[in-house]
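Counting in the numbering used here, the sequence shown runs from 5 upward without gaps. All residues carry an ideal CB built from backbone N, CA and C; glycine is no exception. Working notes for the structure below.
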Amino acid sequence: MTMLRIIFITMIGKSIATSIVILVLKLLSPILNKKYFTKWKYYIWFIIALHLIIPIQLSSIQKPIEIGIPNIQLSTVQEMSFNRNYNSSNENSLNVVNAQKNPVMVIDLLIALWLTGGIIFLLYHLLTYHFQRKELLRWHRPLTSIRVKDSIEKICGNRHIKNRFNVILSEKASSPMMIGFFTQYLVLPTENYTEGELNFILKHELTHLRRHDLWYKLILLIANTIHWFNPIIYIMKNEASADMEFSCDDEVIKGASMNERKAYAETVLTSIQHSLIQKNNLSTYFYGGAKSMKERIKNIFLFKKKRTGIAAFIAVVLLIVVSGSIIALALNNTPLDYVIRGATLLEDEDWYNKGEKIANGTKASPSSSIQDIANIPLSSNILSNVELEDLFAVTVTNVATEKNESYYTVPNIITNSADMAIYTQPDGSGWYLEKGQTIKFSFVLDLETVATAGKNGGVVAIGYVLNGTMYEVQSVKGKEFSAKITAEADGEYFLYTTNLVSGYQIIQDGVIAIE
């Protein structure tokens, strides 16, 4: 699979697995919020968002996804006992090509839809943020109140806030808020607050500043962008935004008396009447919206001693890993990639349907590949039955060469572990050599395209077949191969290669010449 397809499939798996975790957390939230501080959920949503963004399934790092699909032979005539009719084989091959093209097109269309939807979603929110920020800054005026400046300086000192930010006044602001990433602004609709109101508002918004909550919300937005098609992720984003406000409230009222909590709740409620401007996902708001107000007020007046939630945090992280493992296992059994068995031609028009599907992709294990064809009887019109009984190869494929003026060119082929290719003349016959005459066979391996190729080269066995019997000439590791065979008797000679690595090898630039 191409890298984009791998990322797409991984993201779909993550979206499904993480949705389970999100729904569990959502259902248990009323109970969890009573027993634990909301801050632990604030952090767990962040972990989940990062998990949704990173295009790697942690549960499958040790083992790449291995996905099987029925045996595909598109170009060569295979002399197997189950397939001796050339015309029938060719017709079946065409049917396989047509059958495989549709799933590929569907996947590509889904990827295009996924990317298009994500781009539109992200552009909408970025443009909304851009125009709101522009509106706020366009109609702003500098802060002049010494009282407000002193309060800000005092709170920053008490809470060890060293972040640099600007304080502005803007009538376009719906409520006190933080906005901006590299240049951050604390925006106040007015400076006419009572001492108590000002103290609560500044503590709340400066807590957002100290925790870098604007970046937190950006991570949530990116996760939502990648998984825009999943309604459960929208639930997660809303829950995370609400828990961010709840945890911020917890820090403001920590150790506060009932009267102080009441005053804070009144300050929050007072901000409702100022909700005039459209909100976006990249700003903080002292007023978080009417839907979350009820829960925020209940949380403010909850005196019950709560736990830190460390154990719950660890449990949820483990749940993410376990659910990811389950989905990865399910994807392993989904027919989304090719497992090629038998030497297969890589002609230009077929490369998209065959080679690209395994290039940069999965390493099919020898055991799973052999199991796929365990019931296929091994047969060949070139090898004798005695030779086939002890044959190391799993498949035998005849590969016809093309005649040039003084040599024969071998088509580029791809082979899997223990695949054997027997090379013939264009008409399917071997090369007749007289005793003492020589035939030279050379080719190279493509070590860049196929992910399973080793940097130091592959291992290929080279030999010839005479009167149905195999004779190995060499079995070496490398990138460039050349073998020279001298006929010890008159007869019809066929050349062969066998893939001796666990995975795919591409043989290209092959030349056979009679000397």
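- A distance below 8 Å separates the beta carbons of Asp423 and Ala347.
- Taking 8 Å as the cut-off, the Cβ atoms of Leu225 and His129 count as close.
- Residue environment analysis places Ala244 among the buried positions, since at least 16 neighbouring C-beta atoms fall within 10 angstroms of its C-beta.
- Bounds of the beta strand (DSSP E) holding Ala404 are 399 to 404.
- Look at Thr194 here: in three-state DSSP terms it is coil, with no helix or strand label.
- In the assembly as shown, Val398 is a buried residue. Its beta-carbon has 16 or more other beta-carbons within 10 Å.
- Inclusion of Ile115 and Arg9 in the CB contact set at 8 Å is warranted, their separation being smaller than that value.
- Rounded to whole angstroms, Val400 and Asp394 show a C-alpha spacing of 13 Å.
- The C-beta distance from Asp253 to Asn203 rounds to 14 Å, too long to fall under 8 Å, and the pair is not in contact.
- The beta carbons of Asp450 and Ile510 sit closer together than 8 Å.
- Here Pro146 carries a strand assignment [DSSP, helix/strand/coil].
- Looking at the backbone, the Cα of Gly17 and that of Ile58 are separated by about 12 Å.
- If you compare the alpha carbons of Glu484, Val463, Ile518 with that of Tyr436, the shortest gap goes to Ile518.
- In summary, Asp494 is exposed, with fewer than 16 beta-carbon neighbours lying within 10 Å of its beta-carbon over all protein chains present.
- Out of Leu499, Tyr427, Ser421, Ser23, the CA that lies nearest to the CA of Val463 is found in Ser421.
- Approximately 6 Å separates the beta-carbon atoms of Val414 and Ile516; this is inside 8 Å, confirming the contact.
- Here Trp118 is buried. Its C-beta has 16 or more other C-beta atoms within 10 Å.
- Along the length of the segment 384 to 441, whole beta strand (DSSP E) runs at least 3 residues long occupy 399 to 404, 412 to 414, 417 to 419, 423 to 428, 435 to 437, reported in chain order.
- For Glu199, the uninterrupted alpha helix (DSSP H) run begins and ends at 199 to 214, by DSSP.
- A straight-line Cα-Cα distance of about 10 Å links Phe233 and Phe125.
- Thr453 is not a Cβ neighbour of Thr428, given a cutoff of 8 Å.
- Pairing Leu140 with Pro180, the inter-Cα distance amounts to about 12 Å.
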